[in-house]
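Below: the structure, in structure tokens.
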Amino acid sequence: MRNLLIFIVGAAALITLPHFLSFSQQEILVFLTINILLVSSYRLLTLTGEWSLGHVVIMGVGAYASALFSKELGLYVPVSILLGGIVAALLAVLLSFPLFRMKGFYFLIGSFAAGEIIRLLWKRFRDPFGGAKGIKGIDPMPDFSIGIYDFDFFEPISYYYLSAMIVAACLWILWRIERSPVGLTFHAVHWQDKLAEASGVNLRAYRTLAFAISSGFAGIAGALLAHYIGTINPNSFDVEVMVFVLTWAIVGGTGTFYGPILGCIVLTVLNEIVLRELGFEQMRPLIYGAIMILSILFMPKGLESVVQRIISRRAKT
Amino acid sequence: MDLLAQTGLNAVYAASYISLIAVGLVLIFGVMGVINFAHGELYMAGAYSVVLIYSDFQLPFMVAVAVGLLFVGCLGLLMERALFRPLKDNPLGGLVASIGFLMIMQALASMGFGVRMEHIPPVTQHVIEFSERVRLPLSRLYVIIAAVVLLTVLWVFLKKTRFGWALRAAAQDPEAAALQGISIKQTARIAMFIGAGLAGIAGALTAPLVSVNPHMGHSVIVTAFIVIIVGGVGSLEGAVIASVVYAIVHTFVTTFFDGVVADITGLSLMLLVLIVKPTGLFGSADRA
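If you read the protein sequences in the order shown, they are chains A and B. First residue of the first sequence? That's 926 in the working numbering, and the numbers climb one at a time after it. First residue of the second sequence? That's 29 in the working numbering, and the numbers climb one at a time after it.
Here's what the structure looks like:
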């Protein structure tokens, strides 16, 4: 009963939230929603203990695939978004053959190399990827009406509602996966790999599965982004964006499902609202870098550890 | 034939400054156990030392290079004390902290000097002409000579002096080295100073020859990663040899195809080494 109440209040807050914001803040809200899916999908991969530096490029694969499907083949946009996710997942399966011969630090560097190669291929081949200028004029989401609300996708509010629904559905799936026996096996692959292998768990298969699922959702996030901003190029998915994803995950903490989401929300609000409004435009990377260093030095378990401490203290009293 | 000789000379020049950067990175990894993502920004700091001392204050170029070496070496000491020492037990921590350091350095450079490319007056206009189409600018020869001299000095230092012995011992087995009375902190400081200083001097020497801007470290760090992976993480000799191999491949592919294909070739080379022999061509298995 109490959970249901929290759910209803939360949903109502999320629905009314954009109406209190300015136009540019509504746009940031759309990006934030998409980034939440990106960082949550990243967490699924970190469950198996691997940290990738190619996740943003995989997101770009979804974006490019969906843009090309809708533009060249004229597919209906929601279908092409879904296909974008599938292409990203399939590519991850393909990449897993070379990449999962490596572990830890070598996987990190290997995934970076693979990502950069994909990015350079986009840059090199003007047809069909558009070279360094990328793809322009990507079909927007077609407008539609559900009776009580008319979706007009020139308005960020509409796109926010649509992406929030898609992201919420994806997060629910990710949550269910983590709670399922498969998700528990991912944990085992990370913390008890020798024991898991001795119990008959195919480590390689589970690593590949985690990589494919997380890449698929990253691809959907990329496709959502592509159809919103309408233009993508190789630099939209470079390593600097990856650094942001890494920061969100680390500042938030990857021990819990909500940790990376918390990190993403807190840092985006800090970045966009606080720093931009205060006019620290040029100093933003500096402050971001300092936050990264300070949080790894003094809060190595992330923001989630602070939340957990508050909850456990309240439980005691 | 001329084109081949000219490309060869370009490759030698590229190999010399890449090896300075890569050797520094390997040295830091060997002793500290962290991959310094901010290494490209140390190189950038060296280049900006030249911008400040040589082109703004009009002091001699050699003074600027010396200041670059010292300044960047001290930045290395700062990183060791503030970041890598407190995060010694956190394998991902050093990496994340160095990325944070990278962002701070880039922001400071763009705030101090602006994001536009700096123009640095050439040190010398002199060009050695071997034939009509094979020519080597003297300023590039300086970089090659400096790299050979510095790497030789470093090699003698590591193999022949007591400090070098201590450094290599600390890299191989910190605990055993500490039991032998070697100060781990002291060796860490020396390694960070030398490793960072090498990146700084590479940046200072090449500053008049490349486009100096706050983001110049990015392409350099990618190159350095390729080189240390191909050469075997932790192997100094491997890093030097891999620098030469990479420079030859990259320069020739750039000349005969284009720069993007050359970058793809370099990254594929690294991926191939990672797949076939993850310890690199010259790394030993136990270092992995």
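Backbone N, C-alpha and C fix where the C-beta goes; we use that ideal spot for every residue, glycine too.
Sort out for me which residues DSSP pairs residue i with in a bridge.
i: SER1070/A; result: ASP1075/A
i: GLU1103/A; result: None, per the DSSP bridge assignment.
i: VAL240/B; result: GLU146/B
i: ILE156/B; result: LEU164/B
i: ILE1157/A; result: ILE1060/A
Using a Cβ-Cβ distance under 9 Å, would residue i count as near chain B?
i: MET1027/A; result: yes
i: TRP976/A; result: yes
i: ILE1171/A; result: The amino acid occupying residue 1171/A in the given sequence is Leu; Ile does not appear at that position. Yes, LEU1171/A lies at the interface with chain B (some Cβ there is under 9 Å from its Cβ).
i: GLY1035/A; result: yes
i: TYR989/A; result: no
i: GLU1041/A; result: yes
i: GLY1214/A; result: yes
i: ARG1049/A; result: yes
i: ILE1218/A; result: yes
i: ILE1157/A; result: no
i: PHE1054/A; result: no
i: PRO1003/A; result: no
i: ALA1151/A; result: no
i: VAL1168/A; result: yes
i: PHE915/A; result: Residue 915/A falls outside the range modelled here, since chain A spans only 926 to 1242, and no answer is possible.
Would residue i count as contacting chain A if we go by Cβ distances under 9 Å?
i: MET145/B; result: no
i: MET244/B; result: no
i: GLN134/B; result: yes
i: VAL51/B; result: no
i: MET72/B; result: no
i: MET90/B; result: no
i: SER296/B; result: yes
i: ILE276/B; result: no
i: GLY223/B; result: no
i: ASP201/B; result: no
i: ASN64/B; result: no
i: SER44/B; result: no
i: LEU111/B; result: yes
i: ASN241/B; result: no
i: ASP291/B; result: yes
i: GLY128/B; result: yes
i: PRO114/B; result: yes
With 9 Å set as the bound, which would you pick, yes or no: does the beta-carbon of residue i sit closer than that to a beta-carbon of chain C?
i: MET1208/A; result: No chain C is part of this structure, whose protein chains are labelled A and B.
How long is the line joining the alpha carbons of residue i and residue j, rounded to whole angstroms?
i: ALA1240/A; j: VAL1231/A; result: 14 Å
i: ARG161/B; j: HIS154/B; result: 15 Å
i: THR251/B; j: ALA267/B; result: 11 Å
i: PHE1050/A; j: GLY1056/A; result: 5 Å
i: LEU182/B; j: VAL176/B; result: 10 Å
i: VAL145/B; j: HIS246/B; result: Correcting the residue type first, residue 145/B is Met in the shown sequence and not Val. Those two C-alpha atoms are separated by around 15 Å.
i: ALA1014/A; j: PHE1142/A; result: 8 Å
i: PRO1185/A; j: SER1005/A; result: 27 Å
i: ASP314/B; j: PHE158/B; result: Confidence at ASP314/B is low in this model, with a pLDDT of 44, below 50, so its placement is unreliable and the value that follows should be read with caution. Roughly 47 Å between the two C-alpha positions.
i: THR234/B; j: VAL289/B; result: 24 Å
i: ASN1196/A; j: ILE1098/A; result: 29 Å
i: ALA227/B; j: ALA1039/A; result: 26 Å
i: GLY1108/A; j: LEU970/A; result: 11 Å
i: PHE1069/A; j: THR1181/A; result: 37 Å
i: VAL40/B; j: ALA230/B; result: 14 Å
i: SER995/A; j: LYS1061/A; result: 12 Å
Just confirm the distance between the C-beta atoms of residue i and residue j, as a whole number of angstroms; I'd bet it's less than 8 Å.
i: VAL248/B; j: ILE49/B; result: 6 Å
i: GLY259/B; j: ALA270/B; result: 3 Å
i: TYR989/A; j: PHE1054/A; result: 6 Å
i: GLY974/A; j: GLY1144/A; result: With a Cβ gap of about 22 Å, GLY974/A and GLY1144/A do not count as contacting.
i: GLY1177/A; j: GLY1227/A; result: 5 Å
i: THR1243/A; j: ALA1089/A; result: Outside the shown range of chain A, which is 926 to 1242, sits residue 1243/A, and nothing can be said about it.
i: ALA1017/A; j: ALA1151/A; result: Actually they do not touch by this definition, with Cβ atoms about 18 Å apart.
i: HIS1115/A; j: LEU972/A; result: 6 Å
i: VAL1191/A; j: VAL981/A; result: Actually they are not in contact, since the Cβ atoms of VAL1191/A and VAL981/A sit about 20 Å apart, beyond 8 Å.
i: ILE173/B; j: LEU166/B; result: ILE173/B to LEU166/B, Cβ: 10 Å. No contact.
i: PHE1076/A; j: PRO1065/A; result: The pair is not a contact, with the Cβ atoms about 11 Å apart (cut-off 8 Å).
i: VAL301/B; j: LEU309/B; result: 7 Å
Are there any heavy atoms of the ligand GTP lying less than 8 Å away from the beta-carbon of residue i, as far as the coordinates show?
i: SER167/B; result: Summarising the ligand content, the structure contains no ligands, and the ligand GTP is consequently not present.
Contiguous alpha helix (DSSP H) assignments of at least 4 residues, all confined to the region 929 to 1016 of chain A
Fully enclosed alpha helix (DSSP H) runs of 4 or longer: 948 to 972, 980 to 997.
Taking only runs of the alpha helix (DSSP H) that begin and end inside the region 242 to 289 of chain B, which ones reach a length of at least 4 residues, in chain order?
List check, alpha helix (DSSP H) in window: 245 to 259, 264 to 284.
Which runs of the alpha helix (DSSP H) at least 4 residues long sit entirely within the region 78 to 137 of chain B? Give them in chain order.
Here the runs fully enclosed are 89 to 107.
Hey, which unbroken runs of the alpha helix (DSSP H) at 4 residues or more fall wholly within the region 1183 to 1228 of chain A?
Runs of the alpha helix (DSSP H) inside the region 1183 to 1228 of chain A: 1183 to 1193, 1209 to 1223.
My parser needs the alpha helix (DSSP H) runs of 4 or more residues fully inside the region 170 to 249 of chain B; what are they?
For the region 170 to 249 of chain B, whole alpha helix (DSSP H) runs of length 4 or above, ordered along the chain, are 190 to 200, 202 to 207, 212 to 234.
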